[in-house]
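See structure below.
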Amino acid sequence: MPNLSTASWPSPPGVRTLLSGPESKAMTHFLRSRHDAILVGVGTAVADDPGLNCRLEQHAQQHHHHHHPQPVVVDPTARWAVSEESKVVQLAREGVGGRYIPVPVKAWGETRAEAEDAKRASLAWESVVAVLRAEGVESLMVEGGGRVINDLLELSNNGVDVVDSVIVTVAPVWLGSGGVTVSPDRPVDGQGNGRPGPRLGDVRWVQMGEDMVLCGKVARQVLS
-6 MPNLSTASWP SPPGVRTLLS GPESKAMTHF LRSRHDAILV GVGTAVADDP
44 GLNCRLEQHA QQHHHHHHPQ PVVVDPTARW AVSEESKVVQ LAREGVGGRY
94 IPVPVKAWGE TRAEAEDAKR ASLAWESVVA VLRAEGVESL MVEGGGRVIN
144 DLLELSNNGV DVVDSVIVTV APVWLGSGGV TVSPDRPVDG QGNGRPGPRL
194 GDVRWVQMGE DMVLCGKVAR QVLS
């Protein structure tokens, strides 16, 4: 599977919310410049109409548009009305964004229908990854939303080698109730008892302006 990392900023569902400061936003665009593609769920696409490109000035000066990450939107029920006016399409047309990669609905639909079966769900995610690999994607940055990240972390909880690293930005903003929750179900052992999920290794905490950023690699685990 491609190298996969996740970065998430929980926010009220369906609402565009400014959370992170300029320093951590610059980090986000640096990370985008180091990945072949950026993946978001349909909720993020509908709420934000995101550009999903790299807006670092230095990057823009040194690279042509084909070095921008390719935007990927996973849309299980065709909710996102992508058009010539969508930012990802406009930016690609202007040469300052990557070409949008559509993900077949069938691949994601199988994942949602079989979400309770970690093994079969992982096979459905492999179908999504197969589409990306066919497009030449070898490294994928997942920015959200909560449903997508929950699915991927749940696969990791069940021993599926799907996420390599996690980056979480903590902003000094209280969202209150209604925020997007990233909290995958706990894995269980052979007796049905809950157990902790994989720990993060090589952990780093970095302050960027008013934000705190947690970085770590997902520890590989052997299930008993």
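Residues in the sequence shown are numbered from -6 upward in steps of one, following the numbering used here. C-beta: ideal position from N, C-alpha, C; glycine also.
Taking DSSP as the reference, what is the three-state secondary structure of residue i?
i           : result
residue 62  : coil
residue 159 : strand
residue 41  : helix
residue 132 : strand
residue 88  : coil
residue 36  : helix
residue 166 : coil
residue 243 : Since the first and last residues shown for the chain are -6 and 217, residue 243 lies out of range.
residue 67  : strand
Between the alpha carbons of residue i and residue j, how many angstroms are there, rounded?
i           : j           : result
residue 59  : residue 145 : Confidence at residue 59 is low in this model, with a pLDDT of 44, below 50, so its placement is unreliable and the value that follows should be read with caution. Those two C-alpha atoms are separated by around 27 Å.
residue 209 : residue 192 : 9 Å
residue 257 : residue 182 : Past the boundaries of the shown model lies residue 257; the chain is included only from -6 to 217, so the question cannot be answered.
residue 78  : residue 187 : 47 Å
residue 148 : residue 124 : 19 Å
residue 86  : residue 92  : 9 Å
residue 90  : residue 139 : 24 Å
residue 88  : residue 127 : 22 Å
residue 15  : residue 80  : 21 Å
residue 84  : residue 49  : 14 Å
residue 20  : residue 194 : 20 Å
residue 132 : residue 157 : 10 Å
Are residue i and residue j touching if we call contact CB-CB under 9 Å?
i           : j           : result
residue 222 : residue 26  : A query on residue 222 cannot be resolved here, the shown segment of the chain reaching from -6 to 217 and no further.
residue 73  : residue 82  : no
residue 180 : residue 143 : no
residue 134 : residue 162 : no
residue 37  : residue 190 : no
residue 62  : residue 29  : yes
residue 141 : residue 32  : yes
residue 68  : residue 121 : no
residue 153 : residue 94  : no
residue 198 : residue 206 : yes
Taking the beta carbon of residue i as the centre, do at least 16 other beta carbons fall within 10 Å, making it buried, or is it exposed?
i           : result
residue 184 : exposed
residue 76  : exposed
residue 118 : buried
residue 105 : The predicted model places residue 105 with a pLDDT of 37, which falls under 50 and marks its position as unreliable; any figure quoted below should be read in that light. Classification of residue 105: exposed, given that the 10 Å Cβ count is below 16.
residue 196 : exposed
residue 164 : buried
residue 241 : Nothing about residue 241 can be read from this structure; the chain reaches only from -6 to 217.
residue 43  : buried
DSSP beta-bridge partners for residue i?
i           : result
residue 194 : 210
residue 200 : 205
residue 181 : 187
residue 124 : Paired residues: none, contrary to the question.
residue 137 : 33
residue 142 : Note: residue 142 sits in no beta bridge, so no partner.
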